[in-house]
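Residue numbers (the working numbering), protein chains in the order written: chain U, 1 to 115; chain G, 116 to 228. Glycine is no exception: its CB is placed at the ideal position from the N, C-alpha and C atoms. Just so we're clear, the structure is a prediction, and the values are computed from it rather than from any experiment. First up is the structure itself, then whatever we jot down about it.
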C-alpha cells in the first residue's frame, strides 16, 4: 500500500460525458501529480499541484482540468470524453516543496473506459 | 524538452541470471532518475532511484548506475526470480520543471523458472 488513495477504481461512461477522478495523497505529502497510461502512449505526465498551486504542466488536453484543495486532495476532471481517453489514470504524491528529486509514490489508479 | 529512451523493450532470462535495462536521457540538467516496476494491472512501484551526484546505488539484488557524461543510466537485477517478471520503467525529471517525470517506454522482463 503506497498510501495514495484513488477513487473510483473503475469508471465506464460514454463519449461526450464528463467524469471526475479523485486522489488523496500520502499523509504529509504536499505535491500531487497526475499521469495517464495508455497502450500506445505509455506513461504520460499530465499536471502537478503543490500545496494548492499548479506547479508543472504536461501535454494535458484543454478538455482536462485539475485542482488541489486545501485538504490537499486533488481532482482531475475530464470532459467531452472521446474513445481515445480510455486509459489508466494514476495519481502520485511526493513530500517536499515541489522541487525535483523527491520520490513519487503512485496510487492504484482509475481505469476509465469510454464506450 | 527531455526525452528518455529505454532498451530493450522485452527481455527474457533464466531464473538466477542477471538482467540489465538501459536508458538514455537528453536533458543534461536532469538530476533525478527513478526506476519503477509495474505488474500487470497494478500501480508503478518505485524500486530504486539515483541522484545526479551519485554514480551507483545498490539495494540487495538491484543496482542502478549513472553516467552523466554519456547521459545514460542502467538497472541491474542479479539472481533473478520469477517474481521479478514485470514491466520496468526508467524515468527522469527535467531541470526546473517541478516534479514532472518523463518515462521511458518500458521493458517487459520475463524470468523463466
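Fill in: Close beta carbons around residue 200/G, own chain, < 7 Å, minus the five adjacent residues each side
The residue you call residue 200/G lines up with position 85 of the second chain. So the list reads 224, 225 and 226, once near-sequence residues are dropped.
Worksheet item: Are the Cβ atoms of residue 66/U and residue 76/U separated by less than 7 Å?
Response: Residue numbering aside, residue 66/U sits at position 66 when the first chain is read from its first letter. Residue numbering aside, residue 76/U sits at position 76 when the first chain is read from its first letter. For the pair residue 66/U and residue 76/U, the CB atoms are nearer than the 7 Å cut-off.
Worksheet entry | Reduced DSSP category for residue 70/U - H, G, I as helix; E, B as strand; rest coil | Translated into positions along the first chain, residue 70/U becomes position 70. Residue state, collapsed to three classes: coil.
Worksheet item: Ordered along the chain, which non-local residues of its own chain (more than five positions away) have a Cβ less than 6 Å from that of residue 52/U?
Response: Position 52 of the first chain, counted from the start, is the residue given in the question as residue 52/U. If we look at residue 52/U and ignore the five residues flanking it on each side, its Cβ neighbours are 68.
Item to complete: Identify the contact partners of residue 164/G in chain U, using a Cβ-Cβ distance below 7 Å as the criterion.
Response: Taking the second chain and counting its residues from 1, one reaches residue 164/G at position 49. Those are 103, listed as they occur along chain U.
Worksheet entry | residue 40/U (DSSP reduced to helix, strand or coil) | Taking the first residue of the first chain as 1, we reach residue 40/U at position 40. Three-state DSSP puts residue 40/U in coil, outside helix and strand.
Worksheet entry | Rounded C-alpha distance that separates residue 204/G from residue 158/G | The sequence position of residue 204/G within the second chain is 89, counting from 1. The sequence position of residue 158/G within the second chain is 43, counting from 1. Approximately 12 Å, taken between the alpha carbons.
Fill in: Straight-line gap, residue 34/U to residue 54/U (C-alpha atoms, nearest Å)
Taking the first chain and counting its residues from 1, the one referred to as residue 34/U is at position 34. Taking the first chain and counting its residues from 1, the one referred to as residue 54/U is at position 54. If you take the alpha carbons of residue 34/U and residue 54/U, they lie about 12 Å apart.
Worksheet item: Since residue 58/U meets chain G, which of its residues come closer than 7 Å, beta carbon to beta carbon?
Response: Position 58 of the first chain, counting from 1, holds the residue named residue 58/U. Simply 215.
Fill in: Segments assigned beta strand (DSSP E), at least 3 residues, entirely inside the stretch 168 to 211 of chain G
If we require 3 residues or more, the beta strand (DSSP E) runs fully inside the stretch 168 to 211 of chain G come out as 171 to 174, 177 to 182, 187 to 192 and 201 to 207.
Worksheet item: When burial is assigned at 16 or more other CB atoms within 10 Å of the CB, is residue 219/G buried or exposed?
Response: Along the second chain, one-based indexing puts residue 219/G at 104. Label assigned to residue 219/G: buried.
Discussion item. Rounding to the nearest angstrom, what Cα-Cα distance links residue 14/U and residue 112/U in this structure?
Written reply: Counting from 1 along the first chain, the entry for residue 14/U is found at position 14. Counting from 1 along the first chain, the entry for residue 112/U is found at position 112. Near 10 Å, if we compare the C-alpha coordinates of residue 112/U and residue 14/U.
Fill in: residue 228/G versus residue 59/U: straight-line alpha-carbon distance, rounded
Mapped onto the second chain, residue 228/G falls at position 113. Mapped onto the first chain, residue 59/U falls at position 59. Residue 228/G and residue 59/U have their C-alpha atoms some 41 Å from each other.
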